[in-house]
Structures are given as structure tokens and as C-alpha cells.
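These notes concern the structure reproduced below.
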Amino acid sequence: LAELLSKDVIKDKGLCCSFVIANVPRDAPVTERIIPLAIFQSEQSIRNHYLRKWLRLSTVGNLDIREILDWNYYIERFNSFMPGVPYTGR
Numbered sequence: 066l067a068e069l070l071s072k073d074v075i076k077d078k079g080l081c082c083s084f085v086i087a088n089v090p091r092d093a094p095v096t097e098r099i100i101p102l103a104i105f106q107s108e109q110s111i112r113n114h115y116l117r118k119w120l121r122l123s124t125v126g127n128l129d130i131r132e133i134l135d136w137n138y139y140i141e142r143f144n145s146f147m148p149g150v151p152y153t154g155r
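Just so you know, the sequence shown maps onto residues 66 to 155 in our numbering.
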């Protein structure tokens with residue numbers, strides 16, 4: 066995140082950043098596959114630069130966020146959460 070934003074912004078109190086988990090690089094742990102959503106609001110050249118770097122891809126073209134999401138990770142997280150939701154019978 067510090068690469069994308071200035072160091073002054075990172076030091077500010079109240080910084081809030083949303084992330085997604087990417088499906089690449091495949092051999093990397095989840096903590097290394099975190100992509101800040103702010104990158105998708107950047108200029109395309111900046112977005113492509115960082116996505117290539119973070120995802121370790123030679124080219125990214127016009128990647129859609131849906132193409133890089135680790136859907137299995139999110140399905141697994143959802144399935145582990147659901148048993149804890151009480152059923153109200155409505």
C-alpha cells in the first residue's frame with residue numbers, strides 16, 4: 066500500500082483501506098496475495114504497473130477484478146461463517 070500511496074497518507078490517522086485476495090501468484094500465501102481496492106481507481110498505466118508487480122504477471126491488459134479474485138478463498142470463508150448464523154425460521 067505504501068508503494069501506491071504517499072508515505073504521508075500512510076502515516077495519517079484514520080486511514081481505511083479495503084483489500085481483495087487475488088488468485089495469483091498461486092504458490093504465495095494469502096498475505097502476499099492481498100490487493101488494495103484503491104488500485105482499481107488509479108490511472109490504467111499505474112494500475113497495470115502495480116498489478117503486474119503484485120500478481121507477478123508479464124502482462125495484465127484490461128484485467129477485470131473478477132478475473133483475479135480468489136473465488137475459492139471467498140467461498141471457503143463464506144462457508145465457514147454460515148454455520149454461525151442463527152436460523153430464525155422466517
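We treat Cβ as the ideally placed atom computed from N, Cα and C, and that holds for glycine.
Endpoints, the alpha helix (DSSP H) within which residue i is located
i: Ile130; result: Ile130 to Ile133
i: Asn144; result: Trp136 to Phe146
Pair within 9 angstroms by beta-carbon distance, residue i and residue j
i: Ser107; j: Leu134; result: no
i: Asn137; j: Val125; result: no
i: Phe105; j: Ile86; result: no
i: Ile100; j: Leu80; result: no
DSSP state of residue i mapped onto helix, strand, coil
i: Pro101; result: strand
i: Val85; result: strand
i: Lys118; result: helix
i: Lys78; result: coil
i: Val95; result: helix
Beta-carbon separation (whole angstroms), residue i vs residue j, contact threshold 8 angstroms
i: Val95; j: Leu122; result: Going by Cβ atoms, the distance from Val95 to Leu122 rounds to 18 angstroms, so no, they are not a contact pair.
i: Leu128; j: Leu116; result: 6 angstroms
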